[in-house]
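**Q**
Protein chains in written order, with UniProt numbering: chain A, 1 to 173; chain B, 1 to 1109.
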């Protein structure tokens, strides 16, 4: 695990414009319209994911008042890393391990997969991938994460399940 | 002298207090202290006697008992602070306590005692100077303040403070050095906030006590300041919740201490300057505040020496923290540092003495002069870089505060920069090709900032002006050029920021008081003319139009405030008259809504204008109404609607605000009635329902704000018009007749008058009014139902010739057929509605049911017994299934019957809910508290039992549930919780039944909200636990309620809340809930999905086994 990852001069990106959401009571609200499952759905997941990475690196408690930017503005994870297609029931998440030899890559991926499985209808196929060129054993990790049998086996292991659950708890608050 | 029993009591009390073992509780000790104090206060025992009795406790060698004994005496003295005592007694007591200061084991009592005696007022026997001296000497010899506990330290500081405050002569007569030294020693290293507050005050008092020339203070000043200085800036390293207030208090006390004597100046200024360059914003703000405050009390030598350093750091602060938006005249709302810095700049300039001048520093400053010289580069607002904007803003603000500091500073600033500015403005004006975006923005901006500064220097109260002052003469000579170039820019610029700046400048020019000569009357009038022409002609540019209008409003209200008659007259002629003409003109190019807005806003500045405008408004409203009535002109209808809305939303509240509530609304109402009276010809095809509604609303508000006399006047007028109309004349037959348009207007407006009456307003013709309204109601006219309800709500109890009971009987007899069926009980059902005309049966009976509901509401709100009759009728209607044989043949089909049933069920919603249209506080309803609870208690048992035993068919049952749901969702939650046990099964049942029909979706939602309210209450949860299965089944079904997202969302939230219930009661439903939720994850709405994820996690984690994934 790497030591604290404090970046003294973060590059700040502008926040993306969000389409306005309508709520009941607005004139534009349509009771029977369908809001597709799209990248917006992953707002909370993205933010949780970054929190979770920080947790893994034991820097969760460090608050940096000098850089009061939200995590998305720092582009630690972007919406572009999540690809969703509601019609075809398909999600692909590409994540970037923080260092090339990060031993936690598989556990991060597993957490991500469990989180998505719990948050999406069962019809979805979830693909989790390490961003190309960011990890030493990229292929091995990808294979492990997308092998149904191996994921199921991993979740039979009570220690692993406990760990995943613990990691996921903050994301449901 | 007390007898032996009293003495025994005294001894017992003393023993209780002194006893240090655990056998007596603190409250007992306090009680005995109180008892002793009472005995002393009432002179049942004397102090001497008490002291004699206590002798042993005061002198014993047992440290604990001695401490308690002395403390008892001291506490007693504290409580006797206002009881006169002899000087001899006081002398011997203070001698004792002063002596006891050396007894460190029993110190608390001695401190409390000294303090109590020293704080006594002269009138009741205070200690003498020599006694005070003795205390001080003993204090100095015996006490090491910093080695004591927190509370003792606090007492010590209080003693010192008391010495300085009450015995200054004693302190002065002591050896100075010694006393100051003792104080230094006492406060050095103090850390407790409460004690610190005292120490800061102590230093402040000390410094004020000694003259500035005092050698001892001078020699100790550095030490004292070193002790104080280490606390600056006040900052808590471990902040807790309420510290902010404490911090403020401490910081203020320290500031006062800093500023207490000029002797601190050589030490304070360098420290504050040093902290000014700190990176902590709070430290910066504190230093700036302290500097501003100290400036008033210091002699200023040190500050003058530091002028340059000070200026450079202030400049840095302002330059770096100024925002980049260039709006004239606004402070930096969110930038306290810059604000404080500017305050300090102004203070420094105000203190300028001739040889050394802070202002010169500013004017000579490289940055400032560079910015001013480069103004011509800042030509187009959009081209200025953010950094330059910041700099321009900073320089503008600095010049503004400097000019606003004093007349002299304003003079020199004008001298050095103003002519150049105006020349700059003018030169651009003369160039031919400045169309590229108006004049150079930089010049404009700084000019307006300076003008704003001038306006702060001129106070309307002063009679004479310094017309000889340089800035005034300059302003006078440049005035025309300025106005001219401003006006030109305003007319030609298309850019918002230019117009805003220029309008601001013109507004400032126009706002100088009338006797201020540099800006002449003709200039003022010219500006008004220009503004008005913009209002009339340039309405296409909305933001410029608004800013001009606002400027006019500001000018108008300023004139009002200063009572400037000359200007008021000009304003009247130039602006108000023009606006009035606007209102009545037929020119259609300007949108009417803008006209109304301009007129009403201008009117609100002054009562005089407003009265004029109201008159014009009345005329315009009536002409527009007439046009509409005669020809069905939709344009006039729209205008009338805008005017009426303006009347209700702006004019009437304005008059209410200034306390004139009678005249204007009364004239308005009478005017409308007059117009109706005069116009007997109405076009047939008037279909603007909305206009009628607006007119009714206007009538309601106008009548509601009138006094009782005016109301009865309006009522008489309205009634006379009403009764002169043929179709409202009473005849016994209940023929349903179609109202003509005019009749519809008349009856609707009449209803509005009735709705808005005050309870005390007496109408002469209540009976006739009642009958007319009832007839209108049977014609299906719903506003009459509101009027009927209001009538019953407000009708006085003690009317001589027409009582409320009588009115009730008339109403009931007219609408409902009663027939006794043997057992004496008046059963009433659907067939009992008296309907005369078969064809209109349904419409009429609907209206009658609504009317009865409003009558019920009116009676319920005033707490009248007769409400029971109405409620009984409704309940019987619901319970009797409506399948009685139909006697008079009016209602035939089961569908119609069903329809009426739902109307009856909905009437409970009318009775229970609050209404905007009538029967609220604004419309003077009589409201008894808790009326909703009363209805709840009345209706609930009957509905409960009938639903439970009813085996009637579904549609019928659902009507009962509908009524129940209305009652439940409008009752306060606390009342529901009391009955939750009985209600939960019914609510669940109701939710299931009602959710079958789309029409009921709002009812379902409201009912579900009540359920979620029960779920969040602790007592409610207990009831839920008993019915878990039922509730969960219902909720899991509602999760898929497809007609309303909020229902789904709330159902899932309820489920989340249920996961917190005791494990044993919910665990067995886990799988079922999870199954439902996994389907909810695919809900069409995002917020439902997100709730589902959260809820799923909550349910999954109630067991140690994880989810099946």
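Glycine is no exception: its CB is placed at the ideal position from the N, C-alpha and C atoms.
#1: Going by beta-carbon coordinates alone, are residue 110(B) and residue 101(B) separated by less than 7 Å?
#2: Tell me residue 130(A)'s beta-bridge partners as DSSP assigns them.
#3: Terminal residues of the continuous beta strand (DSSP E) containing residue 84(A)?
#4: Where does residue 125(A) fall in DSSP's three states?
#5: Among 82(B), 1088(B) and 35(B), whose alpha-carbon lies nearest the alpha-carbon of residue 6(B)?
#6: Starting from the beta carbon of residue 34(A), find every residue of chain B whose beta carbon is closer than 7 Å, and list them in chain order.
#7: Can you look up residue 90(A) in the DSSP assignment and give me helix, strand or coil?
#8: Does the segment 214 to 222 of chain B come within contact of the segment 179 to 196 of chain B, defined as at least 3 CB pairs closer than 8 Å?
#9: Can you confirm whether the segment 896 to 915 of chain B touches the segment 743 to 750 of chain B when touching is taken to mean that 3 or more C-beta pairs between the two stretches lie within less than 8 Å?
#10: Over what stretch of residues does the alpha helix (DSSP H) that includes residue 470(B) continue unbroken?
#11: Can you name the residues of chain A whose CB is closer than 9 Å to the CB of residue 1081(B)?
#12: Whole-angstrom Cβ separation of residue 710(B) and residue 678(B), contact assumed at under 8 Å?
#13: Can you look up residue 1063(B) in the DSSP assignment and give me helix, strand or coil?
#14: Give every residue of the same chain whose Cβ lies closer than 7 Å to the Cβ of residue 776(B), excluding the five residues on either side of it in the sequence, and list them in chain order.
#15: Name the chain A residues that come within less than 8 Å of residue 1078(B), Cβ to Cβ?
#16: Any residues in the segment 1023 to 1046 of chain B with a beta carbon nearer than 9 Å to a beta carbon of chain A? Which ones, in chain order?
#17: With burial defined as no fewer than 16 other Cβ atoms inside 10 Å of the residue's Cβ, what is the status of residue 1048(B): buried or exposed?
#18: Measuring CA to CA, which of 352(B), 315(B), 608(B) and 363(B) is closest to residue 340(B)?
#19: If you reduce the DSSP assignment to three classes, tell me which class residue 1053(B) lands in.
#20: Checking 7 Å against the spacing of the C-beta atoms, do residue 209(B) and residue 234(B) come in under that value?
#21: Ignoring anything shorter than 4 residues or poking outside the segment 638 to 704 of chain B, list the alpha helix (DSSP H) runs there in chain order.
#22: Does the segment 498 to 507 of chain B come close enough to the segment 541 to 556 of chain B that 3 or more CB-CB pairs lie under 8 Å?
#23: The ligand ZN and residue 538(B): does the residue's C-beta get closer than 6 Å to at least one heavy atom of that ligand?
#24: For the putative contact between residue 933(B) and residue 972(B), defined by C-beta atoms under 8 Å, what is the C-beta separation to the nearest angstrom?
#25: Go ahead and pull the three-state DSSP assignment for residue 877(B).
#26: Tell me whether residue 1043(B) sits in a helix, a strand or coil according to DSSP, three-state version.
#27: Can you give me the C-alpha to C-alpha distance between residue 263(B) and residue 18(B), rounded to a whole angstrom?
#28: Cutting at 8 Å between CB atoms, please list the residues of its own chain near residue 997(B), excluding the five before and the five after it.
#29: Mind pulling the chain B residues with CB within less than 8 Å of residue 31(A)?
#30: For the pair the segment 1032 to 1051 of chain B and the segment 1016 to 1024 of chain B, tell me if three or more CB-CB distances fall below 8 Å.
#31: Nearest CA to the CA of residue 594(B): which residue from 627(B), 20(B) and 639(B)?
#32: Tell me, to the nearest whole angstrom, how far the beta carbon of residue 67(B) is from that of residue 105(B); I am working on the premise that it is less than 8 Å.
#33: Over the uninterrupted alpha helix (DSSP H) stretch that includes residue 965(B), give me the two end residues.
**A** According to the data block:
#1: Numbered from its first residue, the second chain carries residue 110(B) at position 110. Numbered from its first residue, the second chain carries residue 101(B) at position 101. In contact: residue 110(B) and residue 101(B) (Cβ atoms closer than 7 Å).
#2: Locating residue 130(A) in the first chain gives position 130, counting from the first residue. Answer is 95(A).
#3: On the first chain, position 84 is the one that residue 84(A) refers to. From DSSP, the beta strand (DSSP E) with residue 84(A) extends over 82 to 85.
#4: Here residue 125(A) is taken as the residue at index 125 of the first chain, counted from 1. Three-state DSSP puts residue 125(A) in a strand.
#5: Counted from its first residue, the second chain places residue 6(B) at position 6. With distances taken between Cα atoms, residue 6(B) lies closest to 35(B).
#6: Counting from 1 along the first chain, the entry for residue 34(A) is found at position 34. What residue 34(A) touches in chain B: 1084.
#7: Here residue 90(A) corresponds to residue number 90 of the first chain, with the count starting at 1. If DSSP states are grouped into helix, strand and coil, residue 90(A) belongs with the strands.
#8: yes
#9: no
#10: As a position in the second chain, residue 470(B) is number 470, starting the count at 1. Start and end: 470 to 492.
#11: What you label residue 1081(B) is simply residue 1081 of the second chain in a count that begins at 1. Residues of chain A passing the Cβ test: 118, 119, 120, 121 and 122.
#12: As a position in the second chain, residue 710(B) is number 710, starting the count at 1. As a position in the second chain, residue 678(B) is number 678, starting the count at 1. Actually they are not in contact, since the Cβ atoms of residue 710(B) and residue 678(B) sit about 21 Å apart, beyond 8 Å.
#13: Along the second chain, read from residue 1 onward, the residue named residue 1063(B) stands at position 1063. In this structure, residue 1063(B) counts as helix in the three-state DSSP scheme.
#14: Within the second chain, numbered from 1, the residue matching residue 776(B) stands at position 776. Excluding sequence neighbours, residue 776(B) sits near 747 and 784.
#15: For this step, residue 1078(B) is matched to residue 1078 along the second chain. The answer, in chain order, is 121 and 122.
#16: 1042, 1043, 1044, 1045 and 1046
#17: By 1-based counting over the second chain, the position of residue 1048(B) is 1048. Residue 1048(B) is buried by the Cβ-count criterion.
#18: Residue 340(B) sits at position 340 when you count from the first residue of the second chain. Checked all of 352(B), 315(B), 608(B) and 363(B); the closest Cα to residue 340(B) is 315(B).
#19: In the second chain, residue 1053(B) corresponds to position 1053, counting from 1. It is helical.
#20: Here residue 209(B) corresponds to residue number 209 of the second chain, with the count starting at 1. Here residue 234(B) corresponds to residue number 234 of the second chain, with the count starting at 1. Contact flag unset, no.
#21: 652 to 657, 663 to 678 and 689 to 704
#22: yes
#23: This structure lacks the ligand ZN; in fact it carries no ligand of any kind.
#24: The residue you call residue 933(B) lines up with position 933 of the second chain. The residue you call residue 972(B) lines up with position 972 of the second chain. Residue 933(B) to residue 972(B), Cβ: 7 Å. Contact.
#25: Residue mapping note: residue 877(B) aligns to position 877 of the second chain, counting from 1. Of the three classes helix, strand and coil, the one that applies to residue 877(B) here is helix, per DSSP.
#26: Working through the second chain from its first residue, we reach residue 1043(B) at position 1043. In this structure, residue 1043(B) counts as coil in the three-state DSSP scheme.
#27: Walking along the second chain from the start, residue 263(B) turns up at place 263. Walking along the second chain from the start, residue 18(B) turns up at place 18. Taking the straight line joining both Cα atoms gives about 49 Å.
#28: The count along the second chain starts at 1 and reaches residue 997(B) at position 997. Taken in chain order, the residues that qualify are 958.
#29: Numbered from its first residue, the first chain carries residue 31(A) at position 31. Under the 8 Å cutoff, chain B gives 1043, 1044 and 1045.
#30: no
#31: For the purposes of this step, residue 594(B) is taken as the residue at position 594 of the second chain. With distances taken between Cα atoms, residue 594(B) lies closest to 639(B).
#32: Here residue 67(B) refers to the residue found at position 67 of the second chain. Here residue 105(B) refers to the residue found at position 105 of the second chain. Between residue 105(B) and residue 67(B) the Cβ distance is about 6 Å, and since that is below 8 Å, they are a contact.
#33: Stepping through the second chain from its first residue, residue 965(B) is reached at position 965. Residue 965(B) -> alpha helix (DSSP H) spans 954 to 970.
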